[in-house]
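What follows is a short report on a single structure.
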Amino acid sequence: MTADTHGTPVAPTVPGDIVDAHVHLFALPLFREIVESNPEGNPRWHKAIESGKWGRRNETLPDLAAADMAEWYGARLDDAGIAKAVVVSVWPDSQYTRDFITASAGKVSALCNIDPRSPGAPALLEREMAAGFKGVKLYPVNRCFHLSDPACRPFFDRAAELGASIIIHYGVTVDPSGDLRYADPTDLSPVARDYPDMPFVIAHFGAGYLHEALRLGYQCKNVCLDSSGTNNWMDYDPHGYTLAQVFDRALTAFGPERVLFGTDSGTTAPYRKWIAFQQRRTLEELGLSDRDRDLVLRANAVRIFHLDG
Numbered sequence: 000m001t002a003d004t005h006g007t008p009v010a011p012t013v014p015g016d017i018v019d020a021h022v023h024l025f026a027l028p029l030f031r032e033i034v035e036s037n038p039e040g041n042p043r044w045h046k047a048i049e050s051g052k053w054g055r056r057n058e059t060l061p062d063l064a065a066a067d068m069a070e071w072y073g074a075r076l077d078d079a080g081i082a083k084a085v086v087v088s089v090w091p092d093s094q095y096t097r098d099f100i101t102a103s104a105g106k107v108s109a110l111c112n113i114d115p116r117s118p119g120a121p122a123l124l125e126r127e128m129a130a131g132f133k134g135v136k137l138y139p140v141n142r143c144f145h146l147s148d149p150a151c152r153p154f155f156d157r158a159a160e161l162g163a164s165i166i167i168h169y170g171v172t173v174d175p176s177g178d179l180r181y182a183d184p185t186d187l188s189p190v191a192r193d194y195p196d197m198p199f200v201i202a203h204f205g206a207g208y209l210h211e212a213l214r215l216g217y218q219c220k221n222v223c224l225d226s227s228g229t230n231n232w233m234d235y236d237p238h239g240y241t242l243a244q245v246f247d248r249a250l251t252a253f254g255p256e257r258v259l260f261g262t263d264s265g266t267t268a269p270y271r272k273w274i275a276f277q278q279r280r281t282l283e284e285l286g287l288s289d290r291d292r293d294l295v296l297r298a299n300a301v302r303i304f305h306l307d308g
């Protein structure tokens with residue numbers, strides 16, 4: 000299922016395929032684009048352009064045009080045994096990302112990034128969905144806002160009309176500018192309640208706010224969880240959870256129809272095959288049926304993000 004950069008869509012997935020519902024895209028041309036549009040922005044972006052490095056481990060940024068990146072990304076997913084993936088955007092209004100998803104032809108889809116408080120958010124979302132984005136990734140912890148803020152309501156109204164799906168990063172974050180006052184998933188409660196047909200996916204099992212996410216999932220049946228990342232927030236959780244216990248609790252509370260597989264892989268390091276292996280093995284050890292494993296590993300992402308057409 001390698002991407003066809005001439006625009007021919009890749010084939011639909013089938014049971015047994017794996018879809019990574021939470022990956023990232025970092026590239027030197029993308030950083031250049033962001034700095035050009037926001038020259039007074041974060042000094043870390045300027046440093047990344049100067050050094051060609053990014054992240055806590057100071058890893059090399061790929062210097063690839065969007066079409067070349069799509070081909071490279073597709074081959075990398077094939078090597079890892081991943082049929083399709085969903086990029087969660089970190090920056091808003093990116094032509095590089097638009098060109099990337101067009102060239103990916105369905106192999107790699109993407110969620111755009113928008114500040115929902117912005118007066119222009121509804122119009123930008125409409126443009127992004129028309130350009131091929133499948134929904135939105137929101138960062139309340141990193142951008143310091145509450146989704147329950149009334150200023151966000153026009154954005155959610157338009158998102159509901161457009162059929163957008165939303166992933167939200169609550170909980171702890173590696174971003175040094177993050178503010179944990181905005182980390183509690185409970186803040187989503189009035190929004191998920193008032194937009195019951197809109198899927199909301201809380202990333203990383205709530206990233207340290209598992210209990211709050213589970214309670215929210217009890218109240219709002221349109222709230223889901225993804226498993227993405229190392230889940231090293233468990234090291235700071237007083238309950239001493241193992242990954243198997245986290246999966247078991249999530250699957251018991253939400254059911255297999257509301258848990259999505261993800262690795263949180265970026266592009267400055269190899270694809271996280273070890274996370275994919277660890278999570279697949281955990282699901283097998285928990286004794287999930289073939290149907291339920293397929294829901295978590297493929298079908299839920301396909302349904303929620305409309306990945307197969």
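For the sequence shown, numbering that gives the first Met the number 0 gives the first residue as 0, with consecutive numbering after it.
The C-beta atom is built at its ideal place from N, Cα and C for all residues, glycine as well.
- Taking residue 94 as the centre and dropping the five residues before and after it, the same chain places the C-beta of 32 closer than 8 Å to its C-beta, in chain order.
- Apart from the 5 residues on each side of it in sequence, residue 249 sits with its Cβ closer than 7 Å to the Cβ of 204, 224 and 258 in its chain, given in chain order.
- Inter-segment contact for the stretch 189-199 and the stretch 152-160 is present: three or more beta-carbon pairs are separated by less than 8 Å.
- Buried is the label assigned to residue 292, since at least 16 other Cβ atoms lie within 10 Å of its Cβ.
- With fewer than three CB-CB distances shorter than 8 Å, the stretch 49-64 does not count as touching the stretch 121-140.
- In its chain, beyond the 5 residues on either side, 173 have a beta carbon closer than 8 Å to the beta carbon of residue 55.
- Distance between residue 238 and residue 272, taken at the CA atoms: about 27 Å.
- Taking each of 280, 125, 182 and 200 in turn and checking the Cα distance to residue 243, the smallest one comes out for 280.
- Shown here, residue 272 sits in a helix according to DSSP, grouped into three states.
- Residue 252 places its beta carbon less than 8 Å from that of residue 213.
- For residue 174, no alpha helix (DSSP H) encloses it, and the DSSP letter there is neither H nor E.
- When the five nearest sequence neighbours on each side are left out, the beta carbons in the same chain lying within less than 8 Å of the beta carbon of residue 36 are those of 92, in order along the chain.
- With respect to residue 146, residue 186 sits close: the two C-beta atoms are nearer than 8 Å.
- Residue ranges of uninterrupted beta strand (DSSP E) with 3 or more members, entirely inside the stretch 142-203 and ordered along the chain, are 164-167 and 199-201.
- For the stretch 32-113, the continuous alpha helix (DSSP H) assignments of 4+ residues that do not extend past its boundaries occur at 42-50, 65-79 and 94-103, in sequence order.
- DSSP places residue 9 in the coil class of the three-state scheme, outside both helix and strand.
- Comparing alpha carbon positions, the residue from 282, 29, 60 and 116 closest to residue 151 is 116.
- Per DSSP, residue 206 is not a residue of any beta strand (DSSP E), being assigned neither H nor E.
- Under the DSSP assignment, residue 300 falls in the alpha helix (DSSP H) whose first and last residues are 299-304.
- Counting only the Cα atoms, residue 83 lies some 13 Å from residue 14.
- As DSSP reads the structure, residue 14 sits in a beta bridge with 16.
- In summary, residue 231 is exposed, with fewer than 16 beta-carbon neighbours lying within 10 Å of its beta-carbon over all protein chains present.
- Residue 135 is bridged by DSSP to 111 and 165.
- Judged by beta-carbon spacing, residue 87 lies beyond the 8 Å limit of residue 301, meaning their Cβ atoms are not closer than that value.
- A contact is defined here as three or more CB-CB pairs under 8 Å, and the stretch 37-45 fails this definition with respect to the stretch 103-117.
- Bounds of any beta strand (DSSP E) do not take in residue 234, whose DSSP letter is neither H nor E.
- If you compare the alpha carbons of 104, 240, 290 and 190 with that of residue 70, the shortest gap goes to 104.
- Note on geometry: alpha-carbon atoms of residue 184 and residue 58 lie some 31 Å from one another.
- Beta-bridge annotation (DSSP): residue 223 is paired with 200.
- With fewer than 16 other CB atoms across the displayed protein chains lying within 10 angstroms of its CB, residue 179 is exposed.
- As computed with DSSP, residue 259 is found in a beta bridge with 225.
- Here DSSP, grouped into helix, strand and coil, assigns residue 210 to helix.
- Of the candidates 278, 211, 170 and 215, the residue whose Cα lies closest to the Cα of residue 190 is 215.
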